[in-house]
Amino acid sequence: MPPDSKAKSAITPEPRPEQGTATRIIHNRRHRDSFGSPYSPVYNTTTYRFPDTASLEDVIEGRAPGNLYTRWGSNPSICELEQGLACLEHCEQALAFASGMAAISACLFAHGRNGIVCVGDLYGGTQELLARHLQPLGIPVTFLLHNESGLLADALTRPGMLVYCESPANPTLGILDIRELAQSAHAGGALLAVDNTFASPINQRPITLGADLSIHSASKFLGGHSDITAGAVMASEERIRPVAEWRKNLGQILAPETAALLSRSLRTLPVRIKQHNENAMAVARAMADHPAIKRVLYPGLPGFPGHGLAAKQMDGFGGVLTIEIEGGREQAAKVADNLEIFLLATSLGGVESLVSQPCATSHHGISREERERHGISDGMLRLSVGLEDARDLVADLQQALGRL
Ligand SMILES: *Cc1c(COP(=O)(O)O)cnc(C)c1O
Numbered sequence: 001m002p003p004d005s006k007a008k009s010a011i012t013p014e015p016r017p018e019q020g021t022a023t024r025i026i027h028n029r030r031h032r033d034s035f036g037s038p039y040s041p042v043y044n045t046t047t048y049r050f051p052d053t054a055s056l057e058d059v060i061e062g063r064a065p066g067n068l069y070t071r072w073g074s075n076p077s078i079c080e081l082e083q084g085l086a087c088l089e090h091c092e093q094a095l096a097f098a099s100g101m102a103a104i105s106a107c108l109f110a111h112g113r114n115g116i117v118c119v120g121d122l123y124g125g126t127q128e129l130l131a132r133h134l135q136p137l138g139i140p141v142t143f144l145l146h147n148e149s150g151l152l153a154d155a156l157t158r159p160g161m162l163v164y165c166e167s168p169a170n171p172t173l174g175i176l177d178i179r180e181l182a183q184s185a186h187a188g189g190a191l192l193a194v195d196n197t198f199a200s201p202i203n204q205r206p207i208t209l210g211a212d213l214s215i216h217s218a219s220k221f222l223g224g225h226s227d228i229t230a231g232a233v234m235a236s237e238e239r240i241r242p243v244a245e246w247r248k249n250l251g252q253i254l255a256p257e258t259a260a261l262l263s264r265s266l267r268t269l270p271v272r273i274k275q276h277n278e279n280a281m282a283v284a285r286a287m288a289d290h291p292a293i294k295r296v297l298y299p300g301l302p303g304f305p306g307h308g309l310a311a312k313q314m315d316g317f318g319g320v321l322t323i324e325i326e327g328g329r330e331q332a333a334k335v336a337d338n339l340e341i342f343l344l345a346t347s348l349g350g351v352e353s354l355v356s357q358p359c360a361t362s363h364h365g366i367s368r369e370e371r372e373r374h375g376i377s378d379g380m381l382r383l384s385v386g387l388e389d390a391r392d393l394v395a396d397l398q399q400a401l402g403r404l
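In UniProt numbering, the protein residues as written are 1 to 404.
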């Protein structure tokens with residue numbers, strides 16, 4: 001096929017800032033190919049050819065733009081993805097990673113070496129990384145409970161520390177005041193990093209609330225189809241630079257093919273999240289007055305302790321909720337086993353609905369006393385509400401509860 005010689009330009013116009021997120025993310029592309037494909041080709045390459053040594057030296061020494069080696073992050077498919085991620089989070093820059101844990105560890109190494117203060121409940125992998133690996137390396141780590149954010153100022157004992165949190169948190173959906181935490185962190189000479197995985201950038205943009213770094217497991221809502229393992233960090237150019245250094249030298253880059261697949265997922269993120277929000281709300285409401293259910297934890301329910309705060313700092317309440325079954329561990333397991341549409345699986349954020357019992361999965365390695373200290377009971381089931389018809393999901397839960 002002959003190349004389209006009338007192609008307007010090799011680089012398409014950038015999406016404009018006044019356009020909405022859905023428009024901008026769908027039209028986020030850096031290259032127009034000669035065949036007229038609406039989207040960029042996938043650059044499956046580790047290296048790049050130069051016409052001569054002088055041009056290679058120009059790129060290495062920063063005198064000219066150009067790609068050198070994919071592990072360093074210089075790859076058109078990866079750069080295009082990162083441009084999309086930054087656009088979604090309304091911030092200057094983004095970095096893509098091979099997993100959420102890769103993104104988290106690069107941030108902690110880059111910004112947490114003077115000490116890390118964690119506020120509230122953390123993802124199990126993050127907890128393990130901090131307690132089993134970073135503390136033994138000599139990095140001071142303090143863990144504050146969700147309701148102990150008032151102790152933050154005292155915990156910031158030296159300049160240049162990192163405050164780290166998740167909101168909404170797993171699996172209690174606890175909401176932290178990001179604006180307030182950012183102010184306290186900055187007053188104590190620290191930066192604030194927020195794991196924004198549960199909310200997604202459509203529902204919450206921590207950097208616009210004052211946080212310095214926003215981190216995602218892109219294996220969840222960003223990927224959205226339970227078929228991609230990836231991660232992301234969003235921040236200003238200044239805060240991103242040291243994270244990029246760690247990514248390069250720890251070798252945490254994702255494959256260009258995965259980057260292209262994730263870019264494709266991002267084009268439907270706004271519409272997917274809208275439906276996740278709607279479906280989760282419908283399920284939460286239907287479960288709220290079911291006799292076999294003790295409590296429903298969902299930021300969208302007016303009776304939820306963090307509801308007011310969530311309404312203030314979020315644009316939507318998300319696709320994850322936790323229900324507490326009367327009778328405890330065995331009864332909850334029975335409900336999980338009785339479900340037909342909800343798949344019994346860890347993870348979240350995919351088009352398909354998932355159910356998991358925190359005490360048996362994500363919080364299995366933690367003692368019962370410790371779980372209770374964090375408000376996690378054995379009767380809890382975490383639901384990742386997918387994009388099936390909401391009435392079918394409600395009916396599935398009702399039949400599973402009805403067979404107790
Ligand atoms: C899944 C998850 C992670 C880890 O992400 P991976 O892509 O599995 O490495 C981190 N934080 C939260 C809140 C998560 O849900």
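Positions of the beta carbon are idealized from the N, C-alpha and C atoms, including for glycine. If you're wondering where the values come from, they're calculated on a predicted model, not measured in any experiment.
Please look up how many angstroms separate the CB atoms of residue i and residue j, rounded, as I've assumed it's under 8 Å.
i: L162; j: G112; result: 4 Å
i: M281; j: G300; result: 5 Å
i: V42; j: E326; result: About 51 Å separates the two Cβ atoms, so there is no contact after all.
i: G100; j: H216; result: 7 Å
i: V351; j: L404; result: Contact doesn't hold; Cβ gap of about 28 Å is too wide.
i: G328; j: G402; result: No, G328 and G402 are not in contact; Cβ-Cβ is about 18 Å, not under 8 Å.
i: N338; j: A400; result: 4 Å
i: R30; j: S40; result: 6 Å
i: Q313; j: L209; result: 6 Å
i: F342; j: D396; result: 6 Å
Residues in its own chain within less than 7 Å of residue i by CB, not counting five upstream and five downstream?
i: A155; result: V117, T142 and L144
i: P206; result: I178, V194, N196 and S214
i: S184; result: L152 and A153
i: N44; result: P256 and E257
i: G308; result: none
i: R295; result: E324
i: W72; result: K248
i: A230; result: A96, F97, A98, S99, A218, S219, G223, L254, T258 and L262
i: R267; result: I25 and I26
By Cβ distance, which residues of its chain are closer than 8 Å to residue i, with the 5 residues on each side in sequence left out?
i: V385; result: H276, N279, A280, V283, G319, V320, L321, S353 and L393
i: P3; result: Model confidence at P3 stands at a pLDDT of 45, short of 50, so the residue's coordinates are unreliable; what they give is reported in the following sentence. S34 and F35, listed in sequence order.
i: E180; result: S149
i: K8; result: Because the pLDDT at K8 is just 49, under 50, the model does not fix this residue reliably, and the point stays unresolved.
Hey, how far is the Cα of residue i from the Cα of residue j?
i: E82; j: E89; result: 11 Å
i: A345; j: S236; result: 35 Å
i: E340; j: Q357; result: 16 Å
i: D58; j: A199; result: 42 Å
i: L261; j: G223; result: 8 Å
i: G365; j: L173; result: 20 Å
i: E166; j: G62; result: 37 Å
i: R391; j: T23; result: 30 Å
i: G138; j: E370; result: 24 Å
i: E372; j: P136; result: 26 Å
i: I240; j: F221; result: 22 Å
i: L381; j: L297; result: 10 Å
i: I228; j: L192; result: 27 Å
i: D52; j: E128; result: 48 Å
i: A288; j: Q398; result: 12 Å
i: E164; j: I273; result: Strictly speaking, residue 164 in this sequence is Tyr, with Glu absent from that position. When rounded, the distance between both Cα atoms is 25 Å.
Do the CB positions of residue i and residue j come within less than 9 Å of each other?
i: L254; j: F109; result: no
i: I175; j: A310; result: yes
i: S362; j: P171; result: yes
i: S74; j: A64; result: no
i: I25; j: P270; result: yes
i: A182; j: A211; result: yes
i: S219; j: G349; result: yes
i: H290; j: D121; result: no
i: A131; j: V233; result: no
i: S263; j: S77; result: yes
i: T21; j: C87; result: yes
i: L383; j: I323; result: yes
i: N28; j: E80; result: yes
i: P201; j: L85; result: yes
i: Q252; j: A360; result: no
Ignore the nearest five residues each way along the sequence and tell me which others in residue i's own chain have a CB closer than 6 Å to its CB.
i: W246; result: A106, F109 and A110
i: P159; result: G189
i: G316; result: N203 and N277
i: T70; result: T46
i: G66; result: V59
i: S265; result: G223 and G224
With respect to 8 Å, is the separation between the Cβ of residue i and the closest non-hydrogen atom of ligand 2 below this value?
i: E330; result: This structure lacks ligand 2; its bound ligands are ligand 1.
Any beta carbon from chain C within less than 9 Å of residue i's own beta carbon?
i: T268; result: Looking for chain C here will not work: only one protein chain is present.
Note to self: Beta-carbon distances below 7 Å to any heavy atom of ligand 1 define the shell here; list its residues in chain order, please.
What the structure shows: Around ligand 1, the residues whose beta-carbon falls short of 7 Å from at least one of its heavy atoms are S99, G100, M101, A102, I104, Y123, G125, T126, E166, N170, D195, T197, F198, S217, A218, S219, K220, T229, A230, G231, S347 and L348, given in chain order.
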